[in-house]
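Chemist:
2 protein chains.
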Amino acid sequence: MSETPVSVDPADWVCPLPLRETRRVLLGHGGGGVLSEELIENLFLPAFGGAAGPSRDSAVLHTGTGRIALTTDSYVVQPLFFPGGNIGDLAVNGTINDLACSGAQPIGLTAGFIIEEGLELDVLGAVAATMGKAAAAAGVPIVTGDTKVVGKGGADQLFVNTAGVGVVPDGVDIGPERARPGDVVIVSGDIGEHGVAIMSVREGIDFGTEVRTDSAPLHRLVAAMLAAAGPAAVHTLRDPTRGGLVASVVEIARAASVGVQLDEAAIPVPETVASACSFLGLDPLQVANEGKLVAFVAPEHAEAVLAAMRAHPDGTAAAVIGRVVEDHPGMAVARTPFGTTRVVERELGEQLPRIC
Amino acid sequence: MSETPVSVDPADWVCPLPLRETRRVLLGHGGGGVLSEELIENLFLPAFGGAAGPSRDSAVLHTGTGRIALTTDSYVVQPLFFPGGNIGDLAVNGTINDLACSGAQPIGLTAGFIIEEGLELDVLGAVAATMGKAAAAAGVPIVTGDTKVVGKGGADQLFVNTAGVGVVPDGVDIGPERARPGDVVIVSGDIGEHGVAIMSVREGIDFGTEVRTDSAPLHRLVAAMLAAAGPAAVHTLRDPTRGGLVASVVEIARAASVGVQLDEAAIPVPETVASACSFLGLDPLQVANEGKLVAFVAPEHAEAVLAAMRAHPDGTAAAVIGRVVEDHPGMAVARTPFGTTRVVERELGEQLPRIC
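Line by line, the protein sequences are chains D and F.
Numbering of the first sequence is given in numbering that gives the first Met the number 0, commencing with residue 0 and proceeding in unit increments.
Numbering of the second sequence is given in numbering that gives the first Met the number 0, commencing with residue 0 and proceeding in unit increments.
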């Protein structure tokens, strides 16, 4: 046993975060925006001894005989059940998608539950059954788990953590820092549905047509994309969850030190999502998705990759939405439908807390 | 996108749990005892499509070129800081130990944080810094993470999930179902310290001498054990956390359908732990440990394994505490210091909630 304890006392810890008015955790620190990035770069990465390199959706580890991808996500969505899904399939598909966006084929998931005492067993059972069905539908087994229960009031119903492992095929090297000028930016389908589905049920708002979560596993779509044009054709993949399409595109622009030009008119936003966002004062480009990805593809392969996506059930509405440029590195701009240009920037915190 | 949603509604879920007075989650469902087992076997395993096989500390996955172990644990310990450690090193060492008890050498950890809005950044920073130091001390990097923040009152300060991946060396096949009659049962050192450390600070009780958590990573000890007598010599390993030594031994007896005979007088219980347990009305054999393991070793190799443990800094107080027998399969009995014999059985729920 170690005689030199590693435990650090709060009184001895020196806060490296940029000066804020409060020395407390804000809701926005979990929002996937600027505050989240500050927390990761200034608190977690120094603590864990990592450099502030490009943040990939998964880490890639060498096992000695191959490469595996490893990822984790906790889910705190409220309400637990919403149109088209619940916290269970969200947790399964979300972690599969983080692996897929590293180009990995998922081979196993973990399931960790933190449960508030008194939760109805029917609720827990329905979530677990949904997770099992989602895992079976994706062909990725849940292989191990953990359950903790905290007293009444110690948690809000149910939190689910899923971690996942995938195998990275030879030749695949996908990451945000690999985007290159000339790359074609493709989104796999309609955006904004998940966030609007949550908001509609949370706020009790009826938008006429029900908007359902788009939660879906994307590893098969990614496999089809890589098969269509070879593993080197796809430079970057990201699933635009918290912070939406904007957060993904800006993070990639910054990681690769390139500019991104989006064509707003080309971005597929369903009419129901657009009107709901207009009503709620939200930008659909900043609303979370749970079954979409954005791909940065070498221009000579873009046509083949787009065709493969459209031929796949998870990418029928795929569309080219922009291009990588040498101008304004680290920044994304959008050409509006009116022909003007605007800078797109992430939120400081989050539009919608507890969206996933 | 799938046209047949996988989401299961609570109203449609049929509860397969044994009849209890309440259809709600109880604190004891997270306690690592009989209720926990019921929840896993009757709710999670059917939901996830798994058979109720032996519950290993990690799942073993085949990558195509080798075997990896995968595990997850959430930590909800209260208070966050306690003598000798905090939730951070507990989360790092605990997941390393789950991998080690599958015979795997850990190669990477994930860190998932669920944070209550308003938590002092100094507290989060001290926990993260402790995790980094613990990971560095163990030589196992934290490679990826996730942060969620929930509103004030939505969680109790801070929950930490760690998942981990390890490589399983060729020839290693360690699991609870592999215990065999004749096996020698060895514990790696003093038991009961972690649970008593938590209780002493939680209850504000002064036992004279401070009892500190035993939190420590055990993968190097396991490597030394496997090197001492070959990978086939060690049949079963388990770290006796929630539910203590009793829960581990009973679970192994049941998984392998063997009997276990413990010699209570041989079990190393520090005087401070014994007196604290006596005061609190606890059985030290049921108190959680976070830096100990119990090993079931083929008799012809027991001496070599014990010597290797005692020669290792994490196993200096290792002791033979019992033996596997053909009698009373699925049951553990203890010979008391008075020469009598008693059946040792797990708690229904838990002695100490939120101990890890």
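We put the beta carbon where it would ideally sit given N, CA and C, even for glycine.
Can you find at least 3 beta carbon pairs, one from the region 105-119 of chain D and one from the region 16-35 of chain F, that sit closer than 8 Å?
Modeler: Flag = yes, the region 105-119 of chain D and the region 16-35 of chain F touch.
Chemist: Beta-carbon of Ser73 (chain D) versus every beta-carbon of chain F: anything under 8 Å?
Modeler: Chain F contact via Cβ: present.
Chemist: Identify, in the order they occur along the chain, each residue of the same chain with its Cβ nearer than 7 Å to the Cβ of Leu347 (chain D), setting aside the five sequence neighbours on each side.
Modeler: Hits under 7 Å: Gly27, Gly32, Val33, Leu34.
Chemist: Any residues in the region 224-250 of chain F with a beta carbon nearer than 8 Å to a beta carbon of chain D? Which ones, in chain order?
Modeler: Listed by position, the residues of the region 224-250 of chain F near chain D (Cβ gap below 8 Å) amount to none.
Chemist: If you measure from the beta carbon of Ser35 (chain F) to each beta carbon in chain D, is any gap under 8 Å?
Modeler: Yes, its Cβ sits closer than 8 Å to a Cβ of chain D.
Chemist: Run through chain F and tell me which residues come within less than 8 Å of Cys14 (chain D), C-beta to C-beta.
Modeler: Simply Leu120, Asp121, Gly124.
Chemist: List the residues of chain D that Met130 (chain F) touches, going by C-beta distances under 8 Å, in chain order.
Modeler: Simply Ala46, Phe47.
Chemist: Just the chain F side, please: which residues come within less than 8 Å of His28 (chain D) by C-beta, in chain order?
Modeler: Here the neighbours are Ile114, Thr146, Val148.
Chemist: Starting from the Cα of Val164 (chain F), find the closest Cα among F:Leu89, F:Pro239, F:Ala58 and give me that residue.
Modeler: With distances taken between Cα atoms, Val164 (chain F) lies closest to F:Ala58.
Chemist: Between which residues of its own chain and Val195 (chain D) is the CB-CB distance below 6 Å, once the five residues before and five after are set aside?
Modeler: If we look at Val195 (chain D) and ignore the five residues flanking it on each side, its Cβ neighbours are Val210, Val272, Ala275.
Chemist: How would you label Glu36 (chain F), buried or exposed, when you count the other beta carbons within 10 angstroms and need 16 or more for buried?
Modeler: With 16 or more other Cβ atoms within 10 Å, it is buried.
Chemist: Assign Gly138 (chain D) to one of two classes, buried (16 or more other C-beta atoms within 10 Å of its C-beta) or exposed (fewer than that).
Modeler: Classification for Gly138 (chain D): exposed.
Chemist: Under 8 Å, with one C-beta from each stretch per pair, do the region 325-344 of chain F and the region 257-272 of chain F reach the 3-pair mark?
Modeler: These segments touch.
Chemist: Classify Gly165 (chain F) as helix, strand or coil using the three-state DSSP reduction.
Modeler: Three-state result, Gly165 (chain F): strand.
Chemist: Can you name the residues of chain D whose CB is closer than 8 Å to the CB of Val164 (chain F)?
Modeler: Going along chain D in sequence order, the residues near Val164 (chain F) (Cβ under 8 Å) are Leu60, Ile67, Leu69, Val164.
Chemist: Tell me, please, which residues DSSP counts as bridged to Asn85 (chain D).
Modeler: The partner list for Asn85 (chain D) (beta bridge, DSSP) reads D:Phe80.
Chemist: DSSP three-state call for Leu236 (chain F): helix, strand or coil?
Modeler: Three-state result, Leu236 (chain F): strand.
Chemist: Spatial neighbours of Val7 (chain D) within its chain, please: CB distance less than 7 Å, with the 5 preceding and 5 following residues excluded, ordered by chain position.
Modeler: Contacts found: none.
Chemist: Count the other C-beta atoms from every protein chain shown that fall within 10 angstroms of the C-beta of Pro105 (chain F), then say buried if there are 16 or more, exposed otherwise.
Modeler: That one is buried.
Chemist: Taking DSSP's pairing of strands, which residues face Pro105 (chain D) in a bridge?
Modeler: DSSP lists D:Gly165 as partners of Pro105 (chain D).
Chemist: Who does Thr432 (chain F) pair with in a DSSP beta bridge?
Modeler: Since the first residue shown for chain F is 0 and the last is 355, residue 432 (chain F) is missing from the structure and cannot be characterised.
Chemist: If you scan the region 245-323 of chain F from start to end, which runs of the alpha helix (DSSP H) of 4 or more residues do you find wholly inside it?
Modeler: Runs of the alpha helix (DSSP H) inside the region 245-323 of chain F: 270-279, 301-309.
Chemist: Among D:Arg309, D:Gly191, D:Glu289, which one has its Cα closest to the Cα of Glu270 (chain D)?
Modeler: It is D:Gly191.
Chemist: Taking only the alpha-carbon atoms, compute the straight-line gap between Ile204 (chain F) and Ala222 (chain F) and give it to the nearest angstrom.
Modeler: Their backbone Cα atoms lie some 38 Å apart in a straight line.
Chemist: Rounded to whole angstroms, what is the Cα-Cα separation between Gly242 (chain D) and Asp213 (chain D)?
Modeler: Roughly 16 Å between the two C-alpha positions.
Chemist: Which residues in the same chain as Val200 (chain D) place their Cβ atom closer than 7 Å to its Cβ, once the five residues preceding and following it in sequence are excluded?
Modeler: These residues qualify, in order along the chain: Pro78, Phe81, Pro82.
Chemist: Going by DSSP, which residues form a beta bridge with Val332 (chain F)?
Modeler: Its beta-bridge partners are F:Gln260, F:Val342.
Chemist: If you run the structure through DSSP and keep just helix, strand and coil, what is Asp189 (chain F)?
Modeler: Three-state DSSP puts Asp189 (chain F) in coil, outside helix and strand.
Chemist: Alpha carbon to alpha carbon, how far is Val186 (chain D) from Phe295 (chain D)? Give it in angstroms, no decimals.
Modeler: Spanning the two alpha carbons is a distance of roughly 9 Å.
Chemist: Can you list, in chain order, the residues of the region 99-110 of chain F whose Cβ is nearer than 8 Å to any Cβ on chain D?
Modeler: Flagged, chain order: Ile106, Gly107, Thr109, Ala110.
Chemist: On the CB-based measure, 16 or more other CB atoms within 10 Å of its CB, does Lys147 (chain F) come out buried or exposed?
Modeler: Result: buried.
Chemist: Terminal residues of the continuous alpha helix (DSSP H) containing His218 (chain D)?
Modeler: Taken as a continuous stretch (DSSP letters only), the alpha helix (DSSP H) holding His218 (chain D) covers 218-228.
Chemist: Give the interface partners of Phe43 (chain F) over in chain D, defined as CB-CB distance under 7 Å, in chain order.
Modeler: Those within 7 Å of Phe43 (chain F) in chain D are Ala127, Gly144.
Chemist: Closer than 6 Å by C-beta to Pro216 (chain D): which residues in its own chain qualify, once you throw out the five before and the five after it? Chain order, please.
Modeler: Asn92, Ile95, Ala137.
Chemist: What does DSSP give as the partner residues of His61 (chain F) in its beta bridges?
Modeler: According to DSSP, which records beta bridges pairwise, His61 (chain F) is partnered with F:Arg66.
Chemist: Is Ala318 (chain F) close to chain D, meaning its C-beta is less than 8 Å from at least one C-beta of that chain?
Modeler: Output row for Ala318 (chain F): interface = no.
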